[in-house]
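These notes are about the structure you will find just below.
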Amino acid sequence: MVANIKIEHLKRLSLNLILLLTAVLVALSAFGQNAADNRALDSSNYHDLSTGLDNSYRQFEKHKKGRIAFLGGSITYNGGWRDSLMAYFQARFPQTEFDFIAAGIPSMGSTPSAYRLQRDVLSKGSIDLLFLEAAVNDATNERSDLEQIRGMEGIIRNLRRSNTSSDIVIMYFVDPDKMNVYRQGQEPRVISNHNQVARHYGIPTINLAREVTDRIDNQEFSWEQDFKDLHPSPFGQGIYAHSMIQFLQQAYSTRAKVNQEVLPHPVPQKLEPWCYDNGRLLDIGTAEIKNRWVINSNWEPDDGSGTRDNYIAVPMLVSSTPGAALSLAFEGNAVGIVVASGYDAGIVEYRIDQGDWQKQNLFTRWSSLLHLPWFYTLAAGLPNQPHQLELRISQHRDPESDGNACRIRYFFVNGY
Numbered sequence: 082m083v084a085n086i087k088i089e090h091l092k093r094l095s096l097n098l099i100l101l102l103t104a105v106l107v108a109l110s111a112f113g114q115n116a117a118d119n120r121a122l123d124s125s126n127y128h129d130l131s132t133g134l135d136n137s138y139r140q141f142e143k144h145k146k147g148r149i150a151f152l153g154g155s156i157t158y159n160g161g162w163r164d165s166l167m168a169y170f171q172a173r174f175p176q177t178e179f180d181f182i183a184a185g186i187p188s189m190g191s192t193p194s195a196y197r198l199q200r201d202v203l204s205k206g207s208i209d210l211l212f213l214e215a216a217v218n219d220a221t222n223e224r225s226d227l228e229q230i231r232g233m234e235g236i237i238r239n240l241r242r243s244n245t246s247s248d249i250v251i252m253y254f255v256d257p258d259k260m261n262v263y264r265q266g267q268e269p270r271v272i273s274n275h276n277q278v279a280r281h282y283g284i285p286t287i288n289l290a291r292e293v294t295d296r297i298d299n300q301e302f303s304w305e306q307d308f309k310d311l312h313p314s315p316f317g318q319g320i321y322a323h324s325m326i327q328f329l330q331q332a333y334s335t336r337a338k339v340n341q342e343v344l345p346h347p348v349p350q351k352l353e354p355w356c357y358d359n360g361r362l363l364d365i366g367t368a369e370i371k372n373r374w375v376i377n378s379n380w381e382p383d384d385g386s387g388t389r390d391n392y393i394a395v396p397m398l399v400s401s402t403p404g405a406a407l408s409l410a411f412e413g414n415a416v417g418i419v420v421a422s423g424y425d426a427g428i429v430e431y432r433i434d435q436g437d438w439q440k441q442n443l444f445t446r447w448s449s450l451l452h453l454p455w456f457y458t459l460a461a462g463l464p465n466q467p468h469q470l471e472l473r474i475s476q477h478r479d480p481e482s483d484g485n486a487c488r489i490r491y492f493f494v495n496g497y
């Protein structure tokens with residue numbers, strides 16, 4: 082779910098926020114006890130301030146207004162560290178009127194975020210500070226190295242086109258796979274890819290994946306009993322919040338001169354020429370139906386399994402008939418479909434500009450559990466010009482699937 086959270090809502094502290102703040106205090110207490118034993122690690126070792134957050138500091142302190150967005154997957158969607166950061170900003174800048182945008186959607190990584198950025202973030206107004214995370218889902222969803230770079234760079238360039246002075250923080254959350262890679266003396270590929278983009282644009286980063294791994298190995302707490310899951314326990318949320326707040330305290334030190342105006346960030350040449358820097362979602366009504374597709378204006382699962390917000394009781398372009406065909410005229414250098422991939426997800430065949438037919442299996446390893454929203458990039462690196470996408474349902478299916486269904490929530494395009 083994407084929501085704007087006005088500051089007056091924060092003044093009515095919910096039970097969840099009280100529990101979260103308590104978890105922060107517990108985490109701080111644990112750090113203090115370990116510090117007495119000379120065992121606690123310093124969170125600043127996992128922070129890269131890079132070019133800093135001076136613009137947002139000046140905006141909040143001088144102009145007394147601020148719009149902060151949180152963009153990511155389920156760890157951003159769920160309550161926890163995000164609540165603590167919102168409370169921190171109000172306490173740090175008590176005279177400032179904040180507008181918080183909660184734009185986390187479970188299962189979404191950098192490519193989905195690049196294409197939904199306009200709808201879920203930029204449409205809310207000029208962004209002063211963006212907290213961005215995608216490392217868990219980019220790796221879990223097996224996005225390629227190239228797509229991880231195209232997605233992250235696309236988000237940054239699109240945001241900075243909207244407001245050249247926007248500050249950004251990229252965060253890397255922990256999961257067991259990343260812990261294993263660090264313990265082998267290596268850096269997870271997804272973090273290396275995101276770091277490549279961050280360094281190119283001078284974006285600050287917080288490496289919570291490395292920090293949590295090192296703290297566990299330093300015997301400050303355990304994964305099984307304390308942190309528990311990649312969706313952190315309240316204690317784990319407190320660990321995240323502690324590190325982030327320490328990062329912000331350093332970034333908002335007095336070295337930023339309040340009397341100076343916010344300044345545009347430099348925008349270097351693209352790291353990846355076909356990054357998704359002008360991604361947008363297209364309504365399903367823009368497609369031309371050739372045969373055997375229907376628009377279900379209020380689609381809901383018929384098998385009792387779940388889905389995500391904005392993918393239930395909404396219009397879906399639906400067919401489960403092999404041979405059902407449609408086309409989409411678009412202008413840009415990339416195109417794809419956003420589907421609800423459930424137990425009966427099929428295989429689609431597609432081609433661009435009457436080229437060779439290709440196949441895309443819509444069934445994911447989670448499809449038997451829920452109708453999972455999934456962004457499938459069908460073509461990228463195209464000439465930035467008008468194109469024609471043709472798509473049809475294949476007679477073939479994944480061995481694990483119960484059908485040939487395709488349910489399209491949006492098309493997506495990158496280009497001008």
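In short: position in the sequence shown from 1, add 81, done, that's our numbering.
Here a beta-carbon is modelled for each residue, glycine too, at the ideal position from N, C-alpha and C.
This one's a predicted model, so the numbers in the text were calculated from it and none came from an experiment.
Among the options, nearest to residue i - alpha-carbon criterion
i	options	result
Trp162	Asp479, Lys143, Tyr263 and His323	His323
Asp358	Leu210, Val494 and Arg139	Val494
Arg120	Cys356, Pro347, Ser155 and Phe302	Phe302
Glu223	Glu268, Thr177 and Ser188	Ser188
Tyr333	Tyr169, Asn159, Ser165 and Asp164	Tyr169
Pro382	Arg231, Ile393, Trp374 and Gly404	Ile393
Leu213	Ile149, Gln171, Ile370 and Gly427	Ile149
Asn159	Pro315, Lys371 and Met233	Pro315
Ile365	Arg373, Tyr127 and Arg490	Arg490
Arg264	Asn299, Asn379 and Ile284	Asn299
Gly423	Gly385, Thr157, Gln439 and Tyr431	Gly385
Ala368	Leu311, Gln350, Ile182 and Leu398	Leu398
Ile251	Cys356, Ala216, Met167 and Gln327	Ala216
Ile370	His346, Ser408, Asn340 and Leu363	Ser408
Asp390	Leu362, Ala421 and Gly413	Ala421
Trp374	Arg473, Ser243, Asn261 and Leu363	Arg473
Ile287	Ile326, Gly154, Pro467 and Leu311	Ile326
Lys259	Leu311, Phe174, Glu305 and Arg173	Leu311
Arg329	Asp123, Leu130 and Leu122	According to the sequence as given, residue 329 is Leu; it is not Arg. Answer by Cα proximity: Leu130.
Gly206	Glu142, Ser155, Gln171 and Gly147	Gly147
Ile284	Ile249, Val271 and Trp355	Ile249
Ser194	Asp219, Asn372, Asp307 and Ser247	Asp219
Arg281	Pro257, Arg270, Met233 and Gly319	The sequence shown places His at residue 281, rather than the Arg named in the question. Among Pro257, Arg270, Met233 and Gly319, the Cα nearest to that of His281 is on Met233.
Ala410	Pro464, Arg200 and His468	His468
Gly413	Cys356, Leu450 and Asp437	Cys356
Glu430	Leu451, Tyr457 and Thr445	Tyr457
Pro480	Thr445, Asn126, Ser155 and Asp180	Thr445
Phe141	Ser124, Thr177, Leu122 and Asn126	Thr177
For residue i, the three-state DSSP class (helix, strand or coil)
i	result
Arg163	helix
Glu430	strand
Ser124	helix
Phe141	helix
Asn276	helix
Trp304	helix
Leu203	helix
Val399	strand
Ala26	For residue 26 there is no data in the structure shown, the boundaries of the chain being 82 and 497.
Thr458	strand
Gly113	With a pLDDT of 49 at Gly113, under the threshold of 50, the modelled position of that residue is not reliable, and no figure is offered here.
His323	helix
Val348	coil
Asp298	helix
Asp180	strand
Glu342	coil
Ser130	The question names Ser, but residue 130 in the sequence shown is Leu. Coil at Leu130, not helix or strand.
Gly185	strand
Tyr491	strand
Arg473	strand
Pro315	helix
Glu412	strand
Ile149	strand
Anticipated Cβ contact below 8 Å, residue i with residue j, distance rounded
i	j	result
Leu459	Leu443	Not really, about 11 Å apart at Cβ, beyond 8 Å.
Ser448	Ala426	5 Å
Gly360	Tyr196	4 Å
Arg478	Ile428	6 Å
Gly185	Thr157	3 Å
His346	Thr192	Actually they do not touch by this definition, with Cβ atoms about 23 Å apart.
Val255	Ala290	4 Å
Exercise for review: Report yes or no: do the stretch 295-302 and the stretch 221-239 share at least 3 C-beta pairs separated by less than 8 Å?
Suggested key: no
Check your understanding: Okay, do the stretch 130-141 and the stretch 199-218 touch, 3+ Cβ pairs below 8 Å being the bar?
Key -> yes
Review point. Counting only runs that start and end within the stretch 352-382, where is the beta strand (DSSP E) found for 3 or more residues in a row?
Key: 360-363, 369-372 and 375-380
Practice item. Answer yes if the stretch 480-487 comes into contact with the stretch 399-412, meaning at least three C-beta pairs across the two stretches below 8 Å, and no otherwise. Key: yes
Check your understanding: Is the stretch 225-235 touching the stretch 270-279, taking contact as three or more C-beta pairs under 8 Å?
Key -> yes
Practice item. Tell me the start and end of each unbroken beta strand (DSSP E) in the stretch 209-287 that is at least 3 residues and wholly inside, in chain order. Key: 210-214 and 248-253
Point to revise | Inter-stretch contact at 8 Å, needing at least 3 Cβ pairs: the stretch 306-315 / the stretch 359-379 | key: no
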